[in-house]
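Each remark here refers to the structure printed beneath this line.
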Amino acid sequence: MSNNISGKVVVITGASSGLGEASARHLSKLGAKVVLAARRKERLEQLVGELVAAGGEAVAYQTDVTRADEVKALIQGAVDTYGRVDVLVNNAGLMAIAPMSDLRTDEWDRMIDINIKGVLYGIAAALPVFQQQNAGHFINIASVAGIKVFSPGGTVYSGTKFAVRAISEGLRHEVGGSIRTTTIEPGAVDSELKFGSSHQQSRDFVVDFYKQAIPADSVARAIAYAIEQPADVDINEIVLRPTVQEF
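This note's numbering puts the first residue of the sequence shown at 147, with every later residue one more than the last.
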């Protein structure tokens with residue numbers, strides 16, 4: 147299978163459901179060795195079991211991306227298991243939608259910790275490995291809310307996703323050459339992300355908004371497209387939405 151994905155070691159955070167799970171399934175089918183990370187260990191182990199039963203290679207590490215030491219251990223685990231890391235998909239995310247006037251600073255902190263610092267911790271863990279290998283690929287999951295502010299309600303979430311785009315672009319500029327950087331910016335995609343709001347009115351709105359969502363494997367195919375390009379081609383940004391989505 148010469149698809150430029152087969153045999154590659156791909157680490158995916160937030161792999162227990164949604165985009166992460168769909169990407170793990172899709173890339174495993176294409177021959178990638180997948181290293182799955184999330185907080186829900188049982189979900190990860192079940193997924194690993196399914197992938198291995200289907201003839202794939204997969205391992206799981208219980209990981210909280212808000213802890214730099216756990217993310218470092220994840221990347222080290224991937225290297226210990228497979229000898230290298232070719233791709234890191236920074237996918238773990240939280241979308242807590244609520245009006246700014248509700249002052250939910252605890253949720254703001256959580257979104258900053260997961261959506262921004264989680265990505266930075268992934269970069270910090272994988273970059274030395276990529277530099278030593280003189281090859282590697284960061285794939286950071288942002289959002290259409292990182293292109294256009296989703297307000298009212300999604301102001302802080304948008305802020306975190308604008309940050310992911312900025313960090314990705316700066317990273318590309320700093321480490322490009324043999325290391326690739328891709329930002330994926332999905333619109334409404336079916337996942338557990340829509341359940342992240344504790345503000346009931348906002349949650350109802352988001353769940354209704356997501357009735358137009360496209361399946362999570364839409365994003366998995368976009369990730370595969372970025373990975374399968376020849377080493378000298380860097381797909382920097384992919385924006386995808388349901389055809390009916392206006393925002």
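From the three backbone atoms N, C-alpha and C, an ideal C-beta is built for every residue, glycine too.
Bridge pairing for Ile360: Val335 [DSSP]. Nearest to Ala366 by C-alpha distance, out of Ile151, Leu173, Ser152 and Lys154, is Leu173. Beta-bridge partners assigned by DSSP to Asn286: Asn236 and Thr329.
Under the DSSP assignment, Val225 falls in the alpha helix (DSSP H) whose first and last residues are Ala214 to Tyr228. Counting along the chain, no beta strand (DSSP E) covers Val310; the unbroken alpha helix (DSSP H) around it starts and ends at Thr301 to Val321. By a beta-carbon distance limit of 8 Å, Gly164 does not contact Ile158. Their separation comes to about 11 Å.
By the neighbour-count criterion, in which a residue is buried when 16 or more other Cβ atoms sit within 10 angstroms of its Cβ, His283 is buried.
Of the candidates Gly239, His345, Leu273 and Asp354, the residue whose Cα lies closest to the Cα of Thr251 is His345. From the listed residues Val181, Gln358, Ala170 and Thr209, the smallest Cα separation to Ala334 is found for Gln358. The beta carbons of Ser348 and Gly305 sit no closer together than 8 Å.
According to DSSP, residue pairing for Gln278 in a beta bridge does not occur.
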